[in-house]
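What follows is a set of notes on a single structure, which appears directly below.
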Amino acid sequence: MAERLTKEQIPMFKEAFSRYDEDEDGCIATIELGSLIRSLGQNPSEVEVHSMINVVDPNQSGTIDFFNFLD
612 MAERLTKEQI
622 PMFKEAFSRY
632 DEDEDGCIAT
642 IELGSLIRSL
652 GQNPSEVEVH
662 SMINVVDPNQ
672 SGTIDFFNFL
682 D
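Just so we're on the same page, this note's numbering is the position in the sequence shown counted from 1, plus 611.
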């Protein structure tokens with residue numbers, strides 16, 4: 612996804628990501644991914660969110676960093 616974003620969109624995505632990164636460690640919990648995406652104006656189904664989680668967190672660590680989120 613990162614290669615399809617404009618220079619203006621990346622800071623917007625970073626700001627949204629940061630709102631969910633409460634402890635400021637650069638990661639969010641995978642369970643927050645759906646809410647984060649919805650805050651950006653998308654409306655994925657729960658099945659779509661679970662598919663996204665499987666892509667960005669294949670080792671099931673339970674967290675996603677910003678760069679994996681952009682991918």
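Note that the Cβ used here is the ideal one computed from N, Cα and C, for glycine as well.
This structure is a prediction, so every number in the text was calculated from the model and none was measured.
Range of the contiguous beta strand (DSSP E) that encloses residue i
i      : result
Ile664 : From DSSP, Ile664 is part of no beta strand (DSSP E) but of the alpha helix (DSSP H) over Glu657 to Val667.
Ile639 : Cys638 to Ala640
Thr674 : Thr674 to Asp676
Outcome for residue i when other beta-carbon atoms lying within 10 angstroms are tallied against a minimum of 16
i      : result
Leu647 : buried
Asp682 : exposed
Gly645 : buried
Ile675 : buried
Extent of the continuous alpha helix (DSSP H) run through residue i
i      : result
Leu594 : Examination of residue 594 is not possible in this model, given that the chain is present from 612 through 682 alone.
Glu626 : Gln620 to Tyr631
Span separating the alpha-carbon of residue i from that of residue j
i      : j      : result
Ala640 : Pro622 : 20 Å
Tyr631 : Arg615 : 23 Å
Pro669 : Asn679 : 11 Å
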